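*Asks:* Let me give you the structure first, and then I'll get to my questions.
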Amino acid sequence: MFDYETLRVIWWMLLGVLLIAFAVMDGFDLGIGMLLHYVARNNEERRVVINSIGPVWEGNQVWLILGAGAIFAAWPDLYAISFSGFYFAMLLVLFALILRPVGFKYRSKLHNIYWRAMWDLGIFIAGLVPALCFGIALGNVLQGVPFYLDDMLRDFYTGSFRELFNPFAILCGLVSVVMLIMHGGVFLAIKTAGNIQKRAIHAAKICALLTILLFAIAGYWIVFKIAGYILTNDVSHIAASNPMHKQVMLQVGAWINNYKNYHALLIVPLSAFIGALAVLLLTSLRCYRLAWIFSAIAISSIIMTVGVSMFPFMLPSITHPEMSLLVWDSSSSQATLTIMLIASAVFIPLIVLYTGWVYYVLRGKVTQDEINKNTNAY
Amino acid sequence: MISLDVVQLSRLQFGLTALYHFLFVPLTLGMSALLGIMETVYVITGRTIWRDMTKFWGILFGINFAMGVATGITLEFQFGTNWAYYAHYVGDVFGVPLAIEGLMAFFLEGTFIGLFFFGWNKLSKGAHLMVTWLVCLGSSLSALWILIANGWMQHPQGAIFNFHSMRMEVTDFAAVLFNPTAQAKFVHTISAGYVTGAVFILAISAYYLLRGRHVEIAKRSMIVAAAFGLASALSVVVLGDESGYVATENQRMKIAAMEGMWNTEPAPAALNIFGIPDQEHHLTRYEIKIPYLLGLIATRSISKPVYGINQLVVEAENKITRGMKAYAALEILQKNPDEKSAQIILADYQNDLGYGLLLKRYTDKVIDATPAQIKQAAWDTVPLVAPLFWCFRFMVAIGLFLILLFATSFVMLAKKRWENKWFLRTAFYSLPLPWIAAELGWYIAESGRQPWVIEGVLPTFLGTSSLSTHSLITSLSGFILLYTFLAVVEIYLMVKYIRLGPPSLENA
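Protein sequence lines correspond, in order, to chains P and L. Using my numbering, the letters of the first sequence correspond one by one to residues 499 to 876. Using my numbering, the letters of the second sequence correspond one by one to residues 690 to 1197.
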């Protein structure tokens, strides 16, 4: 079907598609979790907010599960090194994600204010921690991660948990947090009315501004401070995956080389700014659906910016740059990439189709009346 | 070399979180099907009591489902966080069914579960029924794909070692997909899930009948549970037997250990129903044997022998020597990938490369192993015999008891003897049995495969991440705390809503 080189590029793009799908589809759930205490001040309001995503968040979260599964199958070494290297960060994300289903499901099962306050906090943490940790992880990937491989290609991570929280990584974490709050705020503007809606729009606007500001600072940092990685020899694009056969050098600002060589790529970071600006404008004009689309564009563009800047690097090693993972030397075999592509081509359109139908059935604003009528509401 | 503490702790963490996850999975599998059946009756007959039944059992289903979802992600993450070398070595094969599970099953389940709870007033009867069945289909498909993945760990076919990338790679995906081990395990596991759902509904309905509450709903629920449960329990045992037959061919050591059988039983082999296995002295004391039976079950013939542990260890010794040759060739190829003679040697011996890797526990170089070390490594291929021997017997006993329970229920209900206290109490106290059997079953399947994480290919102690003991103790403590807290919450809610019963639908 496709040759190995093409398949690797396709799977690099599909990895982006899946991460973006997670950020766009589950991102507003995380954002709404973070907004819960601010936009909803009493129990009735909180139930409206929680039920605005109640029926759909579970399906949305599958994008994360699929994303992780696809990295496992298509980029096994990336999966192995990043998950085991970021051990405690991953566990924090995991614990936070475990709180989410139970938080939603169990919160309204008892009429006790302490019980509900506890789960509200759980839902807030379940929104904040993954958003922050994924941003911090990407911030570290952009700088390179301390790992090496031995003869058997076993990986050894030599960094510590504390080192993950360096200034640039924290900045990336904040970008991730504010962009997802913006996204959640806009979603609430569509699904709610009255005070909740007013506060949600307010939060979305502030976070759209912050997204622009923080993303610009991160861009400045990448251009002038951070050492990017440059491949200095020819690496076969069709050889069996083994990240031990290359030479790499570091240079400040090298992460913008791809844009220097292909100016058209600048559209990617630019549309992040355009998207966030459009959110500001469109929420003021009360076009919330359109604002949500532009918010999704901003989020997608921010994630794509990371991928496009680093290509063909996937996971650079700061201690052993020559062992960094590339698109060309860390993928699965050609057979596996082909099988996975066929499976994705069949099922992803199907998923989009039935997810669309579910959103159509659930269209319209969530009201207290409706929640009181449904015994299964959260 | 990797510290054995890290290996033990990683195994403990995965084992505990997997067993915990599997407290919720079988009930999801079974109840989703039972909800589908109840709602189908509602749609066909139009009697609203069947809708109320679906809604009431749906509340309990939902409490359980949330925990299943929450604890499932842990397992996927752990392949990366704690089993990094495993992910590198077999991700090319093992990752595929896992990813397809997401594409094909989790999305169905995750997307439609919301509509199941929120769609009662927004969908037509028929559309809601379809949603319920799609949730059921999704959970069944997820069981299918995870057992294809697990089946490959038990019987890795359709893949080959690639020395360029130092890992296993897919050569024949159809062989991975239609792995006989996977197929037998899938039907065995999913039927066990159906049994769990049926026992749950049977037991709680019996509780209502004992108290004389919610009698109309309880009676109808019992009939559905008894009929569905009887068919499922029969299927668990038949397919468990199929699983055993497949394992006789592919995992002879596991069968020998389960039977506490140290020496090859000449055909037709006798079955041990009792004995005290003694791992240290390589024998099983106080055996009570039934002639012919094991031969019939395991080989479906009276002419084939069933191999014993001692003979299989000798075989393992030979494989280890061959594995050392493969490893020596591999070392040459790592320096010079084009060396033709080494390529030929590796091609000849690579099926036993995994056995060579067993020596890594004793010598990092592998090829300098002494005969004593080889012997030691060969004895490592024997799993812990006594726990396997006993767990297996308990599991089978529970399986047979449950068939009896469902058959009795069937007769009692047909004769309309709703008020027989003795029967109702037995049904109620049987509640924990399917969970115990399911957990024992997983213990047998996974512990019986030791020392391998991928049978014959990758020893478990090589599969872990390069983490410190300290990290593992921290994470394991975290899991224990969080999971204990969640278990308390979930059991509390379950009991509360069971006590409230169907009226909880009105005052929620």
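Backbone N, C-alpha and C define an ideal beta-carbon position, used for all residues, glycine too. Since this is a predicted model, take the numbers as computed values, not measurements.
1) Along chain P, in chain order, which residues have C-beta atoms closer than 8 Å to that of His777(L)?
2) Among the candidates Gly761(L), Val714(L), Gly757(L), whose CA atom is the shortest distance from the CA of Phe703(L)?
3) What are the partner residues of Phe850(L), as DSSP defines its beta bridges?
4) Using the Cα positions of Asn1196(L) and Thr873(P), report the straight-line distance between them to the nearest angstrom.
5) Where Ser782(P) and Gln695(P) are concerned, what is the direct C-alpha to C-alpha distance, given to the nearest angstrom?
6) Nearest to Trp739(L) by CA position, among Ala922(L), Trp772(L), Met911(L), is which residue?
7) With 7 Å set as the bound, which would you pick, yes or no: does the beta-carbon of Met1084(L) sit closer than that to a beta-carbon of chain C?
8) Step through the CB atoms of chain P and report whether any lies within less than 7 Å of the CB of Ala1197(L).
9) If I follow the unbroken beta strand (DSSP E) through Ala916(L), where does it start and stop?
10) Starting from Gln749(P), follow its DSSP beta bridges and name the residues at the other end.
11) Do you know whose CA, among Gly1190(L), Leu812(L), His903(L), Leu1175(L), lies nearest Arg598(P)'s CA?
12) Based on the DSSP secondary-structure assignment, which residues constitute the bridge partners of Asp967(L)?
13) Suppose only complete runs of 4+ residues qualify. What are the alpha helix (DSSP H) ranges in the segment 600-679 of chain P, listed by chain order?
14) Which residues, taken in chain order from the segment 841-864 of chain L, show a beta carbon closer than 8 Å to some beta carbon of chain P?
15) What beta strand (DSSP E) runs, 3 residues minimum, are completely inside the segment 1106-1159 of chain L?
16) Going by alpha carbons, who is nearest to Pro1191(L) out of Val732(L), Leu724(L), Thr743(L), Ile726(L)?
17) Could you check if Asn771(L) is buried or exposed, using at least 16 other CB atoms within 10 Å of its CB as the buried criterion?
18) With H, G and I counted as helix, E and B as strand and the rest as coil, what does DSSP make of Ala1197(L)?
19) Establish whether the CB of Tyr1044(L) and some CB of chain P are separated by less than 7 Å.
20) I'd like to know whether the C-beta of Glu954(L) is nearer than 7 Å to at least one C-beta of chain P.
21) Does the distance from the C-beta atom of Val1146(L) to that of Pro845(L) stay below 7 Å?
22) Rank Arg1114(L), Leu764(L), Thr1149(L) by C-alpha distance to the C-alpha of Arg900(L) and give the top, closest one.
23) Is it right to say Ile965(L) is buried, meaning 16 or more other beta carbons lie within 10 angstroms of its own, or is it exposed?
24) Is the beta carbon of Thr860(L) closer than 7 Å to that of Ala848(L)?
25) Can you give me the C-alpha to C-alpha distance between Phe807(L) and Lys607(P), rounded to a whole angstrom?
26) For the segment 737-752 of chain P, which residues have a beta carbon sitting closer than 9 Å to at least one beta carbon of chain L?
27) For His609(P), does the count of other Cβ atoms within 10 angstroms reach 16, so buried, or fall short, so exposed?
28) Do you know offhand how far Gly726(P)'s Cα is from Gly642(P)'s?
29) Between the alpha carbons of Thr878(L) and Ala832(L), how many angstroms are there, rounded?
30) Less than 7 Å between the C-beta atoms of Met808(P) and Leu823(P), yes or no?
31) Please list the partners that Lys811(L) has in chain P, where partner means a Cβ-to-Cβ separation under 8 Å.
32) In chain P, what lies closer than 8 Å to Gln1023(L) by C-beta?
33) What separation, rounded to the nearest whole angstrom, lies between the Cα atoms of Val732(L) and Leu1182(L)?
34) Mark Tyr1118(L) as exposed unless 16 or more other C-beta atoms lie within 10 angstroms of its C-beta, in which case mark it buried.
35) I'd like to know if Ala687(P) contacts chain L, where contact means its C-beta is closer than 7 Å to some C-beta of that chain.
*Replies:* According to the structure shown:
1) The answer, in chain order, is Pro574, Asp575, Ala578, Leu651, Arg652, Asp653.
2) Ranked by Cα distance from Phe703(L), the options Gly761(L), Val714(L), Gly757(L) are led by Gly761(L).
3) For Phe850(L), which the question treats as bridged, DSSP gives the partners Met857(L).
4) Legend: pLDDT at Asn1196(L) = 49, less than 50; position of this residue unreliable, value from coordinates given subsequently. Rounded to the nearest whole angstrom, the C-alpha separation of Asn1196(L) and Thr873(P) is 8 Å.
5) Ser782(P) and Gln695(P) have their C-alpha atoms spaced approximately 13 Å apart.
6) With distances taken between Cα atoms, Trp739(L) lies closest to Met911(L).
7) In the structure shown, chain C does not exist; the protein chains are P and L.
8) With a pLDDT of only 43 at Ala1197(L), under the threshold of 50, the placement of this residue in the model should not be trusted; the figure read from the coordinates follows. Yes - at least one Cβ of chain P is within 7 Å of the one on Ala1197(L).
9) That residue, Ala916(L), is in no beta strand (DSSP E); its alpha helix (DSSP H) goes 904-939.
10) Residue pairing by DSSP places Gln749(P) opposite Gly726(P) in a beta bridge.
11) Per the Cα distances, Leu1175(L).
12) In the DSSP output, where bridge partners are listed per residue, Asp967(L) has Leu972(L).
13) 611-641, all fully within the segment 600-679 of chain P.
14) Listed by position, the residues of the segment 841-864 of chain L near chain P (Cβ gap below 8 Å) are Asn851, His853, Ser854, Met855, Arg856, Glu858, Val859, Thr860, Phe862.
15) Whole beta strand (DSSP E) segments, 3+ residues: 1141-1143.
16) The shortest C-alpha separation from Pro1191(L) is found at Thr743(L).
17) Counting other Cβ atoms within 10 Å of its Cβ, Asn771(L) reaches 16 or more and is therefore classed as buried.
18) Residue placement at Ala1197(L) cannot be trusted, given a pLDDT of 43 that sits under 50; what the coordinates show is reported in the next sentence. Coil at Ala1197(L), not helix or strand.
19) No - not a single Cβ of chain P is within 7 Å of the one on Tyr1044(L).
20) No, because no Cβ of chain P sits closer than 7 Å to the Cβ of Glu954(L).
21) Between Val1146(L) and Pro845(L), the CB-CB gap stays under 7 Å.
22) The shortest Cα separation from Arg900(L) among Arg1114(L), Leu764(L), Thr1149(L) belongs to Arg1114(L).
23) Sixteen is the threshold: since fewer than 16 other Cβ atoms of the shown chains lie within 10 Å of the Cβ of Ile965(L), the residue is exposed.
24) A contact, by the Cβ cut-off of 7 Å.
25) Distance from the CA of Phe807(L) to the CA of Lys607(P), rounded to the nearest whole angstrom, comes to 16 Å.
26) For chain L, the residues of the segment 737-752 of chain P that bring a beta carbon within less than 9 Å of one of its beta carbons are Ala737, Ala738, Ser739, Asn740, in chain order.
27) Result: exposed.
28) For Gly726(P) and Gly642(P), the distance between alpha carbons rounds to 8 Å.
29) Take the alpha-carbon of Thr878(L) and the one of Ala832(L): they are about 8 Å apart.
30) For Met808(P) and Leu823(P), no; Cβs fall outside 7 Å.
31) Residues of chain P passing the Cβ test: Val859, Leu860.
32) Around Gln1023(L), the beta-carbon contacts reaching into chain P at under 8 Å are Asp649.
33) Distance between the alpha carbons of Val732(L) and Leu1182(L) is about 30 Å.
34) It is exposed - the Cβ of Tyr1118(L) has fewer than 16 other Cβ atoms within 10 Å.
35) Not one chain L Cβ lies under 7 Å of Ala687(P).
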